[in-house]
Amino acid sequence: MARFMPDWLINFATWCAEIFYSWPDTVQYLLVTLLKIGVLTLGVILCVAYSTYFERKVIGSMQARVGPNRVGWHGLLQPFADVIKLLVKEVIVPSQSSKFLFVIAPLLSLTPALATWAVIPLNDWYVIADINAGLLYVLALTSVGVYGVILAGWATNSKYALLGAMRSAAQIVAYEIAMGFALVGVLMAGGSLNLGDIVEAQSGGFSNWFLLPLFPLFVVYWIAGVAETNRAPFDVAEGESEIVAGFHVEYSGVAFAVFFLAEYANMVLISTLTAIFFLGGWASPFEGWTILNDFSWTAWLTVGGLHWLFIKMCFFMYTFFWLRATFPRYRYDQIMRLGWKVFIPVTIVWIGVEGAMAWFEVGPWAGLSG
Amino acid sequence: MLFHSILFYVFAAVMFSAALGVVFSRNPVHSVMLLVLTFFQAAVLWLMAEAEFLAIVLVLVYVGAVMVLFLFVVMMLDVDVEAAKRGVSRYAPLGVGLALLMVIELIQVIWLRSREGDVASGFAATPEGYSNTEALGAVLYTEHVYAFEIAAVILLLAIVAAITLTMRKRPGLKVQDISAQVAVRAKDRVRVVKMDAEKKQ
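Right under this line is the structure:
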């Protein structure tokens with residue numbers, strides 16, 4: 023590597039490194055952490071920008087259209103055009119609204135969506151805060167996200183917005199319980215609340231993932247995740263056909279863009295979390311397949327890393343769009359019925375099954391007892 | 423240690439002002455949001471005391487679930503501030519009495535602690551590799567297992583009781599019968615009538 027660099031560059035790099043190492047440890051740690059946060063946030067925002075493009079292309083092809091193809095090569099600059107359009111639009115604050123809450127509501131929904139990334143391991147070393155209670159932290163922060171939606175609905179002082187907020191609050195509270203129970207199964211299997219340890223517990227290839235032994239919990243977690251993000255077919259909070267746009271009906275310009283960013287950041291988050299909890303996170307599905315190591319061109323398949331997490335995340339993002347393009351919106355009473363009367367019993371039964379199987383060391387659960 | 427003290431006092435001050443705001447705010451929704459802020463500050467103080475599990479659970483349970491329901495109810499109710507103000511003078515003696523009682527209790531606790539010399543040392547640092555969650559679980563499921571189970575049963579009873587009290591069968595109640603909806607066939611809803619064509623009058 024070094025021989026491709028000119029001398030002055032090497033000298034400059036050494037000089038920078040010397041300065042960096044001369045600082046006190048606290049400052050070094052602070053700088054590294056800030057850099058990690060910056061890189062991760064930028065990555066998430068880029069993911070969000072391109073998932074809007076991905077969504078429009080996927081839904082376009084499912085509906086036999088081409089999707090965006092005007093700005094840039096195959097429409098690849100479309101997300102930036104959209105962002106610039108939203109940034110230069112005027113933000114209108116309704117005159118009878120509660121102004122302070124109206125303005126902070128979008129921030130309240132964006133902050134938890136980004137803050138949750140602090141504990142998510144992207145590969146075996148890139149995690150901003152490797153804390154013991156990571157899973158609890160994820161649960162706590164995702165449950166805080168609902169405030170943005172409720173406050174937006176109330177502060178707008180409009181009946182449509184309030185209706186949307188009410189629907190969203192009831193729905194999120196209902197599905198959070200099923201989500202939490204599904205995660206109880208994951209932490210029983212992983213034997214830890216640390217997300218890195220949960221990924222480690224699934225190492226050893228596809229058969230060691232929690233996907234198969236915890237399949238009902240996986241289905242419940244994924245569907246509850248779709249409901250938590252207020253995406254189709256659970257998007258009654260927005261419900262264009264009956265309440266215009268629900269909680270964000272009066273938001274325009276940057277304020278709307280922040281809500282939009284929060285929704286898509288939450289989708290990326292739920293996709294990544296599902297991959298971490300049930301699909302082995304950054305682990306490779308072919309880990310331990312010795313036959314792949316025999317050829318030099320397939321050996322890389324067995325190595326885990328960020329790219330596997332990214333592929334799994336993209337798969338779930340695709341599923342989000344697939345659901346949106348193919349399912350009609352759920353009726354409100356059906357949503358409540360599914361959440362309370364189907365998902366919660368399923369998760370409770372499966373936690374019982376998992377406990378009993380681990381206790382008697384039966385089948386694939388034998389190793390799960392920890 | 424100085425940095426810790428500064429952080430502690432900053433968070434404590436925000437928590438104290440937010441708590442005052444809960445009481446003095448005129449708008450019930452603002453009160454609820456200030457209470458959320460108070461809980462967050464309390465969670466941060468617990469984090470500083472290295473009680474991570476309790477801090478995160480405080481946010482998860484109180485901020486994520488209880489306060490959402492509070493906000494839900496407060497938004498639906500149209501609280502009459504004037505009527506509430508009239509109530510203040512009636513209940514003021516009782517409120518002041520309760521507040522005094524709590525202040526006396528707090529002073530007693532702090533005074534007793536200071537006599538034992540616990541206060542000056544600040545929060546006790548936990549050893550390396552010590553997991554809060556594990557330590558709590560180990561005690562909760564062994565030593566205090568009966569108390570824990572009894573508390574769980576009492577909570578379950580409260581849930582069942584609350585649902586039973588509100589789920590009364592009143593006349594004219596409209597409910598969805600999903601199995602009936604699914605079992606509907608075309609012939610239940612549409613009747614094909616055969617009749618001769620009528621002549622124009």
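Protein sequence lines, in the order shown, are assigned to chains A and B. Using our numbering, read the first sequence as starting at 23 and increasing by one per residue. Using our numbering, read the second sequence as starting at 423 and increasing by one per residue. Ideal Cβ placement from N, Cα and C applies to all residues, glycine included. Being a predicted model, the structure only gives us computed values, none of them experimental.
Test: L469(B) CB closer than 8 Å to a CB of chain A: What you label residue 469(B) is simply residue 47 of the second sequence in a count that begins at 1. No, no contact with chain A.
Closest by C-alpha distance to I153(A), when choosing among G218(A), V105(A), F382(A): Locating residue 153(A) in the first sequence gives position 131, counting from the first residue. The closest CA to that of I153(A), considering only G218(A), V105(A), F382(A), is found on G218(A).
Beta-carbon gap between G486(B) and S214(A) smaller than 8 Å: Here residue 486(B) refers to the residue found at position 64 when the second sequence is read from its first residue. Here residue 214(A) refers to the residue found at position 192 when the first sequence is read from its first residue. No; because the gap between Cβ atoms is not below 8 Å, this pair is not in contact.
Close beta carbons around C38(A), own chain, < 8 Å, minus the five adjacent residues each side: Taking the first sequence and counting its residues from 1, the one referred to as residue 38(A) is at position 16. Taken in chain order, the list of residues that qualify is empty.
Where S263(A) falls: helix, strand or coil (DSSP): For the purposes of this step, residue 263(A) is taken as the residue at position 241 of the first sequence. Correct three-state label for S263(A): helix.
Helix, strand or coil at G213(A) [DSSP, three-state]: Numbered from its first residue, the first sequence carries residue 213(A) at position 191. Three-state result, G213(A): coil.
Reduced DSSP secondary structure (H/G/I, E/B, other) of T178(A): Within the first sequence, numbered from 1, the residue matching residue 178(A) stands at position 156. It is coil, neither helix nor strand.
Counted within 10 angstroms of its Cβ, other Cβ atoms place R590(B) as buried (16 or more) or exposed: What you label residue 590(B) is simply residue 168 of the second sequence in a count that begins at 1. A residue is called buried when at least 16 other Cβ atoms come within 10 angstroms of its Cβ; R590(B) does not meet this threshold and is exposed.
Helix, strand or coil at N288(A) [DSSP, three-state]: As a position in the first sequence, residue 288(A) is number 266, starting the count at 1. If DSSP states are grouped into helix, strand and coil, N288(A) belongs with the helices.
Other residues of its chain near T369(A): CB distance less than 8 Å, five sequence neighbours each side excluded: Locating residue 369(A) in the first sequence gives position 347, counting from the first residue. Within the same chain, T369(A) has close Cβ partners A200, F203, A204, V206, G207, P238, L239, V242.
Minimum length 4: unbroken alpha helix (DSSP H) runs contained in the segment 91–166 of chain A: Along the length of the segment 91–166 of chain A, whole alpha helix (DSSP H) runs at least 4 residues long occupy 100–110, 121–137, 156–166, reported in chain order.
Contacting residues, own chain, Cβ-Cβ under 6 Å from V258(A) (five flanking each side not counted): Taking the first residue of the first sequence as 1, we reach residue 258(A) at position 236. Answer for V258(A): R189, Y354, listed in chain order.
Chain B contact for W45(A) (CB, 8 Å cutoff): For the purposes of this step, residue 45(A) is taken as the residue at position 23 of the first sequence. Residue contact with chain B for W45(A): absent (no Cβ-Cβ distance below 8 Å to any residue of chain B).
Close-in-space but distant-in-sequence residues of the same chain around N554(B) (CB under 6 Å, 5 per side omitted): Along the second sequence, read from residue 1 onward, the residue named residue 554(B) stands at position 132. Cβ within range, chain order: E474, F475.
Inter-residue spacing [alpha-carbon to alpha-carbon] between T178(A) and K107(A): Within the first sequence, the letter at position 156 stands for residue 178(A). Within the first sequence, the letter at position 85 stands for residue 107(A). Rounded to the nearest angstrom, the two C-alpha atoms are 23 Å apart.
Chain A within 8 Å of Q598(B), Cβ atoms only: The count along the second sequence starts at 1 and reaches residue 598(B) at position 176. Contact of Q598(B) with chain A is assigned, a C-beta pair being separated by under 8 Å.
Proximal residues of chain B, C-beta to C-beta of A191(A) below 8 Å: As a working mapping, residue 191(A) is identified with position 169 in the first sequence. Per Cβ cutoff of 8 Å: V490, L493, F494.
L144(A) and L295(A) closer than 8 Å at C-beta: As a working note, residue 144(A) is residue 122 in the first sequence. As a working note, residue 295(A) is residue 273 in the first sequence. No, these two residues do not count as a Cβ contact at 8 Å.
Among S131(A), G374(A), A183(A), V80(A), the one whose alpha carbon lies nearest that of E262(A): Position 240 of the first sequence, counted from the first residue, corresponds to residue 262(A). If we check each option's Cα against that of E262(A), A183(A) comes out closest.
Reduced DSSP category for L57(A) - H, G, I as helix; E, B as strand; rest coil: Here residue 57(A) refers to the residue found at position 35 when the first sequence is read from its first residue. Three-state DSSP puts L57(A) in a helix.
Contacting residues, own chain, Cβ-Cβ under 6 Å from T74(A) (five flanking each side not counted): Along the first sequence, read from residue 1 onward, the residue named residue 74(A) stands at position 52. P101, listed in sequence order.
Cut-off 7 Å between Cβ atoms - residues of its own chain near M335(A), not counting five sequence neighbours on either side: Counting from 1 along the first sequence, the entry for residue 335(A) is found at position 313. If the five residues before and after M335(A) are omitted, its C-beta is found closer than 7 Å to the C-beta atoms of V290, S293, T294, A297, all from its own chain and listed in chain order.
Continuous alpha helix (DSSP H) stretch holding M358(A): start and end: For the purposes of this step, residue 358(A) is taken as residue 336 along the first sequence, with counting starting at 1. It spans 354–359 - the alpha helix (DSSP H) in which M358(A) sits, taken as one unbroken run.
Simplified DSSP assignment, three categories, for H566(B): Residue numbering aside, residue 566(B) sits at position 144 when the second sequence is read from its first letter. DSSP places H566(B) in coil when its eight states are reduced to three.
Proximal residues of chain B, C-beta to C-beta of A140(A) below 9 Å: Reading the first sequence from its first residue, position 118 is the one you call residue 140(A). The contacting residues do not exist; A140(A) stays about 13 Å from chain B at best.
Proximity of A162(A) and E376(A) at Cβ, strictly below 8 Å: Working through the first sequence from its first residue, we reach residue 162(A) at position 140. Working through the first sequence from its first residue, we reach residue 376(A) at position 354. No. Outside cutoff.
Stretch-stretch touch, CB-based, cutoff 8 Å, three pairs: the segment 190–197 of chain A with the segment 357–368 of chain A: Output reads yes: the segment 357–368 of chain A touches the segment 190–197 of chain A.
Pick from V168(A), G226(A), E264(A), I126(A) that is closest to T312(A), judged by C-alpha positions: Position 290 of the first sequence holds residue 312(A). Comparing Cα positions, the closest option is G226(A).
Top-ranked residue by Cα proximity to G175(A), from T36(A), A267(A), L234(A), A347(A): Here residue 175(A) refers to the residue found at position 153 of the first sequence. Closest option to G175(A), Cα to Cα, is A267(A).
Helix, strand or coil at W330(A) according to DSSP, with G and I counted as helix: Against the first sequence, residue 330(A) aligns to sequence position 308. W330(A) falls in the helix class under three-state DSSP.
Alpha-carbon spacing of V518(B) relative to V510(B), whole angstroms: Position 96 of the second sequence, counted from the first residue, corresponds to residue 518(B). Position 88 of the second sequence, counted from the first residue, corresponds to residue 510(B). Whole-angstrom Cα-Cα distance: 11 Å.
Reduced DSSP secondary structure (H/G/I, E/B, other) of E222(A): As a working mapping, residue 222(A) is identified with position 200 in the first sequence. Reduced to three states, the DSSP call for E222(A) is helix.
Run of the alpha helix (DSSP H) containing R611(B), from where it starts to where it stops: Locating residue 611(B) in the second sequence gives position 189, counting from the first residue. For R611(B), the enclosing alpha helix (DSSP H) begins and ends at 608–611.
Cβ neighbour criterion (16 or more within 10 Å) applied to W322(A): Here residue 322(A) corresponds to residue number 300 of the first sequence, with the count starting at 1. So W322(A) counts as exposed.
Proximal chain A residues relative to L482(B), where beta-carbon distance stays under 7 Å: On the second sequence, residue 482(B) is found 60 positions in, with the first residue counted as 1. Those are L158, L161, A162, S165, listed as they occur along chain A.
Complete runs of the alpha helix (DSSP H) confined to the segment 465–528 of chain B [at least 4 residues]: Secondary structure within the segment 465–528 of chain B: the alpha helix (DSSP H) runs of 4 or more consecutive residues, fully enclosed, are 474–480, 489–498 (chain order).
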